[in-house]
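Engineer: In this note's numbering, the protein residues as written are 13 to 146. Backbone N, C-alpha and C fix where the C-beta goes; we use that ideal spot for every residue, glycine too.
(1) Would you mind working out which of 82, 50, 127 and 43 sits nearest residue 112, comparing C-alpha positions?
(2) I'd like the list of long-range same chain contacts for residue 139, defined as Cβ closer than 6 Å, with 5 residues on each side in sequence excluded.
(3) Would you give the residue range spanned by the beta strand (DSSP E) that residue 130 belongs to?
(4) Mind checking who residue 53 pairs with in its DSSP beta bridge?
(5) Quick one, are the C-beta atoms of residue 68 and residue 100 less than 9 Å apart?
(6) Going by DSSP, what residue range makes up the beta strand (DSSP E) through residue 83?
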C-alpha cells in the first residue's frame, strides 16, 4: 500500500504538506516512526529507508534539515537507522547521516553535519562540522 501512496503524496507533499500539521501523518504513511507534536519545516528525507527513521514526541526540526539512512561502501549500499529522542531540537539545514542517535532533550545547532554513527547523550548539545559536543 505504501508503494501506491508514496508517488501520490510525494507529488503534493513538497509544497503543501511540509509546513502543515499533517506532515508527520504523511511520514507515517511512508514508514517513518514520527512522534506526537513533532514539527518539521521543509525537511529533506531520502526516499529510500524512511522506515529506519524514528522521531520522538515534541521534536522540532529546522528548515531544510536533511536525513539519509543509506551508506555506500565497497560492498554496495547498506541502511542504518536514525533515532531522534524526545524533546530534541535541530537547527536549520542540519545533516543527519545514517546511524545517528540523539537521546532526549538534545540541541543541534544550525548547519551541523552529524556523521555516520554519531551519538549525542541526554541533554547534550552539538554544533559545527565536524561536530563539537558539550
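Structural biologist: According to the structure shown:
(1) For the residues 82, 50, 127 and 43, the minimum Cα distance to residue 112 belongs to 127.
(2) Closer than 6 Å at Cβ, skipping near neighbours: 121 and 124.
(3) Run containing residue 130: none; DSSP gives neither H nor E here.
(4) The bridge partners DSSP lists for residue 53 come to none.
(5) Yes, they are a contact pair.
(6) According to the DSSP assignment, residue 83 belongs to the beta strand (DSSP E) that extends over 82–85.
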